[in-house]
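S.K.:
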């Protein structure tokens, strides 16, 4: 995950503190469950933070590509 974040920074992608918080929750979910899908945002800990609607607000149209990339990178 740290390597992935560093690569994102090298590619010019900076994440806000709120985005980092979500990324860490996503990382933890993938570590425990091998992958993450949009339906997972209906459950804890994501639901307490605003669920799928909030994560879409935070990452916008990049969310699906981000989830796919994290699934591939972290589950490997």
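Numbering (the working numbering), first residue to last: 38 to 113.
By construction, the Cβ of each residue, glycine as well, lies at the ideal position given by its N, Cα and C atoms.
Here the structure is a predicted model, which is why all the values come from computation and not from measurement.
1) Pull up the distance between the alpha-carbon of residue 60 and that of residue 48, whole angstroms please.
2) Nearest to residue 87 by CA position, among 50, 55, 40 and 45, is which residue?
3) At 4 residues or longer, and completely inside the stretch 46-109: list those alpha helix (DSSP H) runs for me, N to C.
4) Rounding to the nearest angstrom, what Cα-Cα distance links residue 91 and residue 41 in this structure?
5) Leaving out the 5 sequence neighbours to the left and right, which residues in its chain are closer than 8 Å to residue 72 when beta-carbon positions are compared?
M.R.: The structure says:
1) In the chain shown, residue 60 corresponds to position 23, counting from 1. In the chain shown, residue 48 corresponds to position 11, counting from 1. Cα to Cα, the separation comes out at about 17 Å.
2) Residue mapping note: residue 87 aligns to position 50 of the chain shown, counting from 1. Checking every option, the nearest Cα to that of residue 87 belongs to 55.
3) Under the rule that a run must span 4 or more residues, the alpha helix (DSSP H) segments found entirely inside the stretch 46-109 read 54-70 and 88-96.
4) Looking up residue 91 in the chain shown gives position 54. Looking up residue 41 in the chain shown gives position 4. Taking the straight line from one Cα to the other gives about 23 Å.
5) On the chain shown, residue 72 is found 35 positions in, with the first residue counted as 1. So the list reads 108 and 112, once near-sequence residues are dropped.
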